[in-house]
Amino acid sequence: MTVQDMTTQMRVLWTLGELGDPLALLLRGPEDPYPLYERMRAKGPLHRSELGAWTTVDHATATTVLRDRRFGVLKSDGKPISPVITTFDNSMLGADGADHARLRKLATPFLSPKAIAGFRDRLTAICHELLDRVDTSREFDLMASFADLIPVTVVATIFDIPEPFLSRYLEHGPKFGTIFDEITSVEHIAEVQRSLDELDALFTELMELRLAHPGDDAISKLLTARREDRLTTHELVSLCQLLTLAGAESTVNLIGVGVKTMLERRDQWDKLVADPDLAPQAAQESLRFEAPVQQSSRVSTVDVTVGGTVIPADTAVVVLTAGCNRDPRVWSDPDHFDITRPTTPDNLSFSGGSHYCLGAPLARLEADVAFRVLATRLPDLHQTGPADRRRSAIIRGLRHLPVANG
265 MTVQDMTTQM
275 RVLWTLGELG
285 DPLALLLRGP
295 EDPYPLYERM
305 RAKGPLHRSE
315 LGAWTTVDHA
325 TATTVLRDRR
335 FGVLKSDGKP
345 ISPVITTFDN
355 SMLGADGADH
365 ARLRKLATPF
375 LSPKAIAGFR
385 DRLTAICHEL
395 LDRVDTSREF
405 DLMASFADLI
415 PVTVVATIFD
425 IPEPFLSRYL
435 EHGPKFGTIF
445 DEITSVEHIA
455 EVQRSLDELD
465 ALFTELMELR
475 LAHPGDDAIS
485 KLLTARREDR
495 LTTHELVSLC
505 QLLTLAGAES
515 TVNLIGVGVK
525 TMLERRDQWD
535 KLVADPDLAP
545 QAAQESLRFE
555 APVQQSSRVS
565 TVDVTVGGTV
575 IPADTAVVVL
585 TAGCNRDPRV
595 WSDPDHFDIT
605 RPTTPDNLSF
615 SGGSHYCLGA
625 PLARLEADVA
635 FRVLATRLPD
645 LHQTGPADRR
655 RSAIIRGLRH
665 LPVANG
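For the sequence shown, the positions run 265 to 670 when my numbering is used.
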């Protein structure tokens with residue numbers, strides 16, 4: 265997508281937003297999207313936007329769409345429904361059917377619950393090391409000093425990235441995630457592209473290193489699959505880029521927004537401090553209440569009837585997962601944040617069906633450990649100034665969160 269295309273798209277969104285179209289307003293990345301979700305809920309399980317897409321904030325309808333294999337991420341001409349997916353045109357994010365299943369099968373071993381079970385001790389050490397670097401009695405940025413660094417450090421461990429590659433990876437990995445933010449300038453586009461190019465070069469160099477000196481890391485194992493013709497070199501690099509993004513974006517925002525939500529509701533933070541074993545429930549409730557990824561789009565590959573509504577082939581359905589997570593028919597008092605809330609039924613923050621987020625178990629574990637360490641080390645943590653929220657229609661996250669302990 266060119267800058268001119270993006271400018272035209274933004275003009276259309278602005279015009280339709282001025283006319284009151286809820287999806288167009290949501291795609292502006294509002295500070296508080298939840299009133300818009302409620303407006304859409306009042307219109308029924310499925311609502312057609314003036315943008316041509318169908319939308320839903322109904323949990324049951326969303327679950328049906330996400331699990332129905334007649335919906336995918338590619339249109340009948342093989343093109344993706346979102347320009348963001350074009351970035352990953354050779355990864356499983358931009359694939360359906362057999363190709364998606366093949367690539368997902370190759371990536372699953374590195375992010376499965378079994379694979380990450382041994383990460384807890386290392387994660388705990390990482391969290392303590394990060395807090396040791398800052399004077400927590402004075403104001404510090406929880407995002408830059410803590411939340412932003414946890415997932416990218418963990419993914420670097422999965423790839424076993426050595427110096428001098430590591431510093432490059434830690435610099436460009438987080439910048440790559442801003443692809444989901446509102447494009448504010450040509451410079452922003454260029455910065456994202458530079459990070460993408462740098463990661464491409466980095467993984468290519470690491471592949472050469474691991475060909476000469478194979479190890480027990482993800483890249484070495486993916487190279488074995490390449491030798492067996494189960495994936496191409498381009499697919500391997502794209503998969504590494506996707507693992508970087510998937511392993512970081514959800515977790516960074518889950519930790520940052522989750523802590524902010526608890527600090528704004530002091531009774532909830534105090535409950536966690538009194539009982540750090542509530543950390544897994546705090547993570548699950550944070551996912552439900554403020555979904556890090558606010559939406560997940562699908563396109564019908566054939567005519568599909570959903571709840572009595574016919575969705576023609578090649579029609580987009582935008583599943584507004586954050587709205588679905590506050591469906592009053594699924595959760596009682598859904599606008600109330602409660603870390604003691606039962607963890608079932610599951611929310612849709614990690615999407616669903618064949619495209620269910622592979623990084624979900626790792627994200628939950630990282631948030632569990634991060635919340636546990638923060639509550640134990642910094643019981644008097646409080647926000648010292650306004651948070652700087654990311655402007656995005658897709659991501660619910662923070663750029664900065666100023667805090668102090670005591």
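C-beta: ideal position from N, C-alpha, C; glycine also.
Whole-angstrom distance between residue j and residue i, CA atom to CA atom
i: residue 536; j: residue 595; result: 22 angstroms
i: residue 438; j: residue 492; result: 32 angstroms
i: residue 303; j: residue 607; result: 27 angstroms
i: residue 290; j: residue 657; result: 6 angstroms
i: residue 609; j: residue 549; result: 11 angstroms
i: residue 546; j: residue 475; result: 42 angstroms
i: residue 624; j: residue 285; result: 32 angstroms
i: residue 651; j: residue 539; result: 26 angstroms
i: residue 499; j: residue 373; result: 17 angstroms
i: residue 591; j: residue 544; result: 22 angstroms
i: residue 444; j: residue 557; result: 10 angstroms
i: residue 432; j: residue 409; result: 18 angstroms
i: residue 320; j: residue 584; result: 6 angstroms
i: residue 435; j: residue 518; result: 21 angstroms
i: residue 399; j: residue 667; result: 11 angstroms
i: residue 424; j: residue 614; result: 26 angstroms
i: residue 604; j: residue 296; result: 24 angstroms
i: residue 664; j: residue 411; result: 10 angstroms
i: residue 311; j: residue 318; result: 6 angstroms
i: residue 404; j: residue 633; result: 20 angstroms
i: residue 308; j: residue 294; result: 22 angstroms
i: residue 563; j: residue 300; result: 22 angstroms
i: residue 659; j: residue 484; result: 32 angstroms
i: residue 575; j: residue 367; result: 28 angstroms
i: residue 401; j: residue 649; result: 15 angstroms
Endpoints, the beta strand (DSSP E) within which residue i is located
i: residue 647; result: 645-647
i: residue 570; result: 568-570
N- and C-terminal bounds of the alpha helix (DSSP H) containing residue i
i: residue 287; result: 286-290
i: residue 390; result: 384-396
i: residue 370; result: 361-375
i: residue 423; result: 413-423
i: residue 526; result: 513-528
i: residue 504; result: 497-510
i: residue 483; result: 482-491
i: residue 304; result: 298-305
Any non-hydrogen atom of the ligand MG within 7 angstroms of residue i CB
i: residue 397; result: Absent from the structure shown: the ligand MG. Ligands present: none.
Residue nearest to residue i in terms of C-alpha spacing, selected from the options
i: residue 620; options: 496, 408, 559, 473; result: 559
i: residue 654; options: 513, 564, 583; result: 513
i: residue 525; options: 382, 455, 365, 661; result: 661
i: residue 384; options: 307, 414, 574; result: 414
i: residue 586; options: 328, 554, 597, 605; result: 554
i: residue 565; options: 435, 578, 573, 574; result: 578
i: residue 641; options: 389, 337, 329, 427; result: 389
i: residue 336; options: 552, 371, 561, 460; result: 561
i: residue 501; options: 392, 326, 472, 581; result: 472
i: residue 530; options: 417, 325, 602; result: 602
i: residue 380; options: 643, 647, 627, 635; result: 627
i: residue 306; options: 322, 314, 315; result: 322
Coarse secondary structure for residue i, derived from DSSP in three states
i: residue 444; result: helix
i: residue 561; result: strand
i: residue 460; result: helix
i: residue 653; result: strand
i: residue 327; result: helix
i: residue 664; result: strand
i: residue 575; result: strand
i: residue 335; result: strand
i: residue 601; result: coil
i: residue 588; result: helix
i: residue 207; result: This structure cannot speak to residue 207, because the chain is shown only from 265 to 670.
i: residue 435; result: helix
i: residue 633; result: helix
i: residue 550; result: helix
i: residue 494; result: coil
i: residue 593; result: coil
i: residue 541; result: helix
i: residue 477; result: coil
i: residue 622; result: coil
i: residue 454; result: helix
Per DSSP, cross-strand counterpart(s) of residue i
i: residue 319; result: 311, 582
i: residue 669; result: 645
i: residue 659; result: 557
i: residue 405; result: 666
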